[in-house]
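Encoded as structure tokens, the structure appears first; notes follow it.
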Amino acid sequence: QPYGVNQLRKMFLEFFESKGHLAMKSFSLVPHNDKSLLLINSGMAPLKPYFTGQEIPPRRRVTTCQKCIRTGDIENVGKTARHGTFFEMLGNFSFGDYFKNEAIEWSWEFLTEVVGLDPNRLYPSVYEDDDEAFEIWNKKMGIPAERIFRFGKEDNFWEHGSGPCGPCSEIYYDRGEKYGCGEPGCTVGCECDRYMEIWNNVFSQFNNDGHGNYTDLIQKNIDTGMGLERLACIVQDVDSMFDIDTMKALRDHVCNLSGKQYGIDHETDVSLRVVTDHIRSVTFMVSDGILPSNSGRGYVLRRLLRRACRHGKLLGIDGAFLVELATTVIEGSKDGYPELEEKKEFIFNVIAKEEANFNKTIDQGLAILADMEAEMEKNGEKVLSGENAFKLYDTYGFPIDLTSEILEEKGLTYDEEGFKKAQEEQRAKSEGTFGTHSYTGKEVSVYDQLDAALETEFVGYDNLTFDSKVT
Ligand code: ATP
Ligand code: MG
Ligand code: MG
Ligand code: MG
2 QPYGVNQLRK MFLEFFESKG HLAMKSFSLV PHNDKSLLLI NSGMAPLKPY
52 FTGQEIPPRR RVTTCQKCIR TGDIENVGKT ARHGTFFEML GNFSFGDYFK
102 NEAIEWSWEF LTEVVGLDPN RLYPSVYEDD DEAFEIWNKK MGIPAERIFR
152 FGKEDNFWEH GSGPCGPCSE IYYDRGEKYG CGEPGCTVGC ECDRYMEIWN
202 NVFSQFNNDG HGNYTDLIQK NIDTGMGLER LACIVQDVDS MFDIDTMKAL
252 RDHVCNLSGK QYGIDHETDV SLRVVTDHIR SVTFMVSDGI LPSNSGRGYV
302 LRRLLRRACR HGKLLGIDGA FLVELATTVI EGSKDGYPEL EEKKEFIFNV
352 IAKEEANFNK TIDQGLAILA DMEAEMEKNG EKVLSGENAF KLYDTYGFPI
402 DLTSEILEEK GLTYDEEGFK KAQEEQRAKS EGTFGTHSYT GKEVSVYDQL
452 DAALETEFVG YDNLTFDSKV T
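Numbered by full-length UniProt numbering, the letters in the sequence shown go through residues 2 to 472 in order.
Here it is, written out as structure tokens:
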């Protein structure tokens, strides 16, 4: 019986505790005091002040399993074996304490001795100029030189906007030929899913001021990140992260609700995986107090939820289904995130309201979009007018990326400039008439007001009675 996801999370944290680390709870998905980031996208993001020396960490060695959202990966979801918009990142961190030697040694020890992965399938990579890291892998760890890959800035220099950054050393696992793209040059670093990147060890020693000026940080740090779902995928020897124990339970639930089987039709599988992924993002985001709205984080949530609704429709699911799926998310993850269970009722309420809202207009919107497409075909047009795209957005609640995705499936696009212009015009017009959502005709929901309040501190769990306030 291979290790389950919840077990692997525990094993990782306990391993680094045994190496003197303080295990800290995952931070919220909502960044604290960090305007450069909409949502937490890595284990290091909430720890930035400890890296820069701005704040004193509770201990110089810390380990976490951090919930992450990467909407930038949304197009990959369902198509690759390894990308979710939501995932958990395991990490060990050193704030001016240990450096490359220990980080490399412990990552290898964890993978090969604790988890028991075959060392012959693991391949490290280093930043092209980083001879020090190369030597550690080669001399100290005994990895033959030809198994260590040197990559450039693109892959092996970690930075996200401004702040702490540095060269990194990543660990890949060869899952075997059957997962390869079959191209002649397919090897470590190939974008296909054969050599899966599992762990990134960042030697964070520089600060980027945001304009490409690098200075030495006052201390040398270690920041590592390993996707828990990817680790589980390899340990459980399954095709993709959608086949690991917790994700499979959720995926099976989507199959049950839709009466569809997994692994028969490619398009169906993509939709099954999209719903499986997005409901995780949605559940975790709401549990961190994010509410659907028309801007910022709230809009990310709204887009993910509505995209899940549409893929549910594609799968033939009738009526509301997201709350039911959220129960399975909570069941699978409450071990690591007890807050899910605690905030269950709140999560269900928020999801139910937003789904019901969209359900009122989605069928009509889809029908109208189909009419628009037919009209375009008749006229030999490939680009939906900005006006029509805006109508779908404004009257039927279609986030523009949803419209865009549906068009794309037919080889069509929309007029981006025209859409923005229509949006601007409406904004100008509605100035002064604050308070109405044109697609429901109702007052600005309590969601929007709360989203604004969220900028400071979230107090909604106790102060809200959804049924009386949200329409
Ligand atoms: P990839 O090249 O596969 O997109 P990455 O280089 O963007 O991954 P990092 O930014 O180095 O990823 O993040 C550290 C680790 O987090 C990765 O090695 C991987 O295990 C995990 N990870 C990154 N993005 C995702 C995702 N979208 N879904 C699941 N796990 C992820
Ligand atoms: Mg990536
Ligand atoms: Mg990568
Ligand atoms: Mg990486």
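Think of the CB as a built atom: it goes at the ideal place given N, C-alpha and C, for glycine as much as any other residue.
Inter-residue spacing [alpha-carbon to alpha-carbon] between residue i and residue j
i, j, result
"L341", "R311", "25 Å"
"E178", "L123", "14 Å"
"S288", "G387", "35 Å"
"T434", "Q427", "In this prediction, T434 has a pLDDT of 49, which is less than 50 and means its spatial position is unreliable; nothing more can be read from the coordinates."
"P3", "Q237", "6 Å"
"T328", "G299", "21 Å"
"K314", "I291", "25 Å"
"S95", "P339", "27 Å"
"G79", "Y215", "37 Å"
"G21", "P47", "21 Å"
"N150", "Y51", "The sequence shown places Phe at residue 150, rather than the Asn named in the question. Rounded to the nearest angstrom, the two C-alpha atoms are 30 Å apart."
"I144", "F399", "52 Å"
"E147", "K154", "20 Å"
"I57", "V384", "54 Å"
"R176", "D253", "24 Å"
"E268", "Q262", "12 Å"
"Y440", "L370", "Low confidence applies here, because Y440 scores a pLDDT of 41, under 50, leaving its location unreliable; read the following figure in that light. Approximately 16 Å, taken between the alpha carbons."
"A423", "F359", "22 Å"
Near ligand 4: residue i beta-carbon under 7 Å from a heavy atom
i, result
"E171", "yes"
"residue 489", "This structure leaves residue 489 out entirely; the chain is present only between 2 and 472."
"E184", "no"
Candidates the options, of which the one nearest residue i by Cα
i, options, result
"T414", "K430, Q427 and E378", "E378"
"Q220", "Q8, D98, C182 and N157", "D98"
"N77", "D246, C193 and L229", "C193"
"D224", "N139, H22, M45 and E409", "M45"
"D395", "N380, D372, E376 and F420", "F420"
"Q206", "D253, F158 and G181", "F158"
"H212", "G54, G162, L393 and I137", "G162"
"V63", "D74, E15 and S29", "E15"
"N222", "C166, L251 and D175", "C166"
"R195", "A429, R304 and G186", "G186"
"T188", "W200, I199, Y174 and G260", "Y174"
"A357", "M373, V324 and L218", "V324"
"R274", "R308, M286 and R303", "R308"
Contacting residues, own chain, Cβ-Cβ under 6 Å from residue i (five flanking each side not counted)
i, result
"N42", "C69 and R71"
"E18", "A24"
"C234", "M242 and I245"
"G164", "K49"
Heavy atom of ligand 3 within 7 Å of residue i beta-carbon
i, result
"D156", "yes"
"residue 500", "A question about residue 500 goes unanswered here, because the residues of the chain that appear run from 2 up to 472."
"E198", "yes"
Enclosing alpha helix (DSSP H) for residue i [first to last residue]
i, result
"E418", "E417 to S431"
"G104", "Correcting the residue identity first, residue 104 is Ala in this sequence and not Gly. K101 to E110 is the extent of the alpha helix (DSSP H) around A104."
"R9", "Per the sequence presented here, residue 9 reads as Leu, with Arg not at that position. Residues V6 to S19."
"P47", "Per DSSP, P47 belongs to no alpha helix (DSSP H) and is neither H nor E."
"C256", "D246 to S259"
"Y394", "G387 to Y397"
"V31", "Here V31 belongs to no alpha helix (DSSP H), and DSSP marks it neither H nor E."
"E133", "D132 to E136"
"D156", "K154 to N157"
"V330", "L323 to S334"
Residue i: first and last residue of the uninterrupted beta strand (DSSP E) it sits in
i, result
"D224", "Y215 to G228"
"S126", "L123 to Y128"
"K354", "That residue, K354, is in no beta strand (DSSP E); its alpha helix (DSSP H) goes K345 to N380."
"G92", "F87 to F96"
"L23", "L23 to M25"
"N295", "N295 -> no beta strand (DSSP E), and no H or E assigned at all."
"M197", "Y196 to N209"
"R281", "Per DSSP, R281 belongs to no beta strand (DSSP E); it is in the alpha helix (DSSP H), H267 to S288."
Residues of its chain near residue i, where Cβ-Cβ distance is below 7 Å and the 5 sequence neighbours each way are ignored
i, result
"P120", "T113"
"K11", "none"
"R231", "R83, M197, I199 and M242"
"residue 485", "It is not possible to answer for residue 485, since the shown part of the chain is limited to 2 through 472."
"I137", "K101, N102 and I105"
Cβ-heavy atom distance, residue i to ligand 2, below 7 Å
i, result
"D194", "no"
Distance cut-off 7 Å: residue i Cβ against heavy atoms of ligand 1
i, result
"G167", "no"
"D74", "yes"
"H84", "yes"
"E230", "yes"
"M286", "no"
"F88", "yes"
"M373", "no"
"S95", "no"
"S205", "no"
"M227", "yes"
"R71", "yes"
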